[in-house]
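Note that the working numbering numbers the sequence shown so that position 136 is 136, with each residue one more than the last.
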Amino acid sequence: MSLIPELLGAIGSGSLRVVDLTNKLQASTPTLRLPEPFANLIDFSLETVSEYDEPGPFWKHANIHTGEHIGTHIDAPIHWISGREGHDVSKIPPARLFGPAAVLDFSAEAAADNDFLLDVHHVEAWEAEHGAFEHGTWLLLRTGWDRFSDSQQAFLNADETGSHTPGFTAECAAWLAGRAEISGVGVETVGIDAGRGAELDPPFPVHYHLLGADKYGITSLQNLSLLPPKGAAIVVAPLPIVDGTGSPARVYALVEA
Numbered sequence: 001m002s003l004i005p006e007l008l009g010a011i012g013s014g015s016l017r018v019v020d021l022t023n024k025l026q027a028s029t030p031t032l033r034l035p036e037p038f039a040n041l042i043d044f045s046l047e048t049v050s051e052y053d054e055p056g057p058f059w060k061h062a063n064i065h066t067g068e069h070i071g072t073h074i075d076a077p078i079h080w081i082s083g084r085e086g087h088d089v090s091k092i093p094p095a096r097l098f099g100p101a102a103v104l105d106f107s108a109e110a111a112a113d114n115d116f117l118l119d120v121h122h123v124e125a126w127e128a129e130h131g132a133f134e135h136g137t138w139l140l141l142r143t144g145w146d147r148f149s150d151s152q153q154a155f156l157n158a159d160e161t162g163s164h165t166p167g168f169t170a171e172c173a174a175w176l177a178g179r180a181e182i183s184g185v186g187v188e189t190v191g192i193d194a195g196r197g198a199e200l201d202p203p204f205p206v207h208y209h210l211l212g213a214d215k216y217g218i219t220s221l222q223n224l225s226l227l228p229p230k231g232a233a234i235v236v237a238p239l240p241i242v243d244g245t246g247s248p249a250r251v252y253a254l255v256e257a
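What follows is the structure in structure tokens.
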């Protein structure tokens, strides 16, 4: 049997499950809030154009209004100054949007410390237990943060000192950027950097190091608890926006039942 019929047969029989890792995109979807003087993107909204009425008697359709980096979305290299000469979202090679999923579960650590940062030794310990990363791997950091995905306040978890959400150390970001087998990283939080990422050196090191190394980031993932540490595949499907620095994306995982 050839590969494609075998794959489709496995999905049809239920022996291969499709898991949706995407947060729903609506006006209430939690979004990043930058402090002054920085400008924020607009939130997602729908503008009804017709609804089985005079402007469109047989159909319903709407305009969408949204920023590029709203909801579950991908960051392209040109999103950051370090990747300004790199790919926009329309030029990301499609093969880079498919790959093995390595799920690193640090939900217990993040529950104990909202500012938990994944470091190099955490990744090395995971590889020692589960094996080295495969070519094209997406490293997905599970922190349990998807449980807050319907609450702007809980999702950003901000106080007078700023946002408190888990992420990566600067050292880990630089180290992962140098790993040729990694296509990108995915997180359950609003951005690929920790809430306190501006305080690290360089500021927002995951953006700086990974996007500068032609790797990609996906945010606001859901349902990572349904994936094994290793053995699943990920599919990232953004809009191919010309000159786009990012795009809302539908993200799926293929998991053996």
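In this text, a Cβ means the ideal position worked out from N, Cα and C, and glycines have one as well.
Less than 7 Å between the beta carbons of residue i and residue j, yes or no?
i	j	result
L224	R142	yes
H79	T245	yes
P166	A198	no
E256	L221	no
I70	P248	yes
My output table needs one value for residue i: the three-state DSSP class, helix, strand or coil.
i	result
P248	strand
G12	helix
K215	coil
A111	helix
A194	coil
R33	coil
R147	helix
E51	strand
A95	helix
V206	helix
Does the CB of residue i have a neighbour CB from chain D at under 7 Å?
i	result
T72	Chain labels in this structure do not include chain D; a single protein chain is all it has.
For the alpha helix (DSSP H) containing residue i, name the first residue and the last one.
i	result
V123	V120 to H130
E171	A170 to A177
F155	Q152 to L156
With distance defined between alpha-carbon atoms, name the residue in the options nearest to residue i.
i	options	result
V235	F133, E129 and I218	I218
A233	T22, V187, R196 and L97	L97
A112	G144, E68, A173 and Q26	G144
S163	A170, T169, E85 and A154	A154
Which residue marks the beginning of the beta strand (DSSP E) containing residue i, and which one marks its end?
i	result
R266	Lying outside 1 to 257, the shown extent of the chain, residue 266 is not represented and no answer is given.
F38	Counting along the chain, F38 falls outside any beta strand (DSSP E), and DSSP gives it neither H nor E.
N63	G56 to H65
Pop quiz: residue i and residue j are said to be a contact at Cβ under 8 Å. What is the actual Cβ separation, rounded to whole angstroms?
i	j	result
G9	G212	Contact doesn't hold; Cβ gap of about 42 Å is too wide.
V19	A237	About 14 Å; that fails the 8 Å criterion.
W138	G99	5 Å
L118	L104	7 Å
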